[in-house]
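Colleague: Going by this note's numbering, the first residue of the sequence shown is number 24, and it counts up by one from there.
Supplied in structure tokens, the structure appears directly below.
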Amino acid sequence: MDGGVISQTAEYALRAAAALGRRPEEAMTIQVLARETRLPAGYLAKVLQTLTRGGIVRSRRGVGGGFSLARPPARITLLDIVNAVDPIRRICACPAGRPEHRGKLCALHRRLDEAVVAAERIYGSTTVAHLAAEPAGR
Numbered sequence: 024m025d026g027g028v029i030s031q032t033a034e035y036a037l038r039a040a041a042a043l044g045r046r047p048e049e050a051m052t053i054q055v056l057a058r059e060t061r062l063p064a065g066y067l068a069k070v071l072q073t074l075t076r077g078g079i080v081r082s083r084r085g086v087g088g089g090f091s092l093a094r095p096p097a098r099i100t101l102l103d104i105v106n107a108v109d110p111i112r113r114i115c116a117c118p119a120g121r122p123e124h125r126g127k128l129c130a131l132h133r134r135l136d137e138a139v140v141a142a143e144r145i146y147g148s149t150t151v152a153h154l155a156a157e158p159a160g161r
């Protein structure tokens with residue numbers, strides 16, 4: 024994790040899935056996806072390969088080919104996407120390594136883990152369809 028609950032790779036995967044979810048009936052090329060998501064095409068290609076292996080995205084070669092969602096947007100959660108590329112890691116032991124914390128989390132790390140659980144809950148209850156339907160901005 025890069026300072027947040029999810030990694031940059033997971034965020035890129037979410038951005039790509041959201042773009043695909045806005046046009047679920049069409050296949051999008053790497054170039055179109057890179058432009059829409061403002062992501063580097065080379066890195067995006069690697070992320071999409073991982074999403075394909077994870078059953079989130081499918082790819083088609085040839086004329087009219089590209090990437091599309093493997094399931095309807097309403098059946099793909101943000102947690103599905105994150106888990107396909109870089110699963111969220113729970114805090115299972117106190118990273119400070121203090122003997123008195125063995126077998127249990129200290130107050131700080133228990134709270135941090137609770138935040139991870141809350142994020143997982145939100146990701147698990149939000150679908151690509153939700154993202155596609157929601158307008159940009161607040």
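Ideal Cβ positions, reconstructed from N, Cα and C, are used throughout, including at glycine.
These numbers come from a predicted model, not from an experiment.
Less than 8 Å between the beta carbons of I79 and L67, yes or no?
Modeller: Their beta carbons are not under 8 Å apart, which means I79 does not touch L67 by this criterion.
Colleague: Could you check the C-alpha separation between L102 and A142 for me, to the nearest Å?
Modeller: Each residue's alpha carbon lies about 9 Å from the other.
Colleague: Who are the near neighbours of A107 in its chain, counting only those whose CB is closer than 8 Å to its CB and skipping five residues on each side?
Modeller: A36, T73, L74, R76, G77, G78 and I79.
Colleague: Between A40 and the rest of its own chain, which residues show a CB-CB distance below 6 Å, the 5 nearest in sequence each way excluded?
Modeller: Excluding positions up to five away in sequence, the list reads I104 and V151.
Colleague: Report the CB separation of A50 from F90 in whole angstroms; it is logged as a contact under 8 Å.
Modeller: So it is a contact: roughly 6 Å between Cβ atoms.
Colleague: Which of the three DSSP states, helix, strand or coil, is assigned to G44?
Modeller: In the structure shown, G44 sits in a helix (DSSP, three-state: H, G or I).
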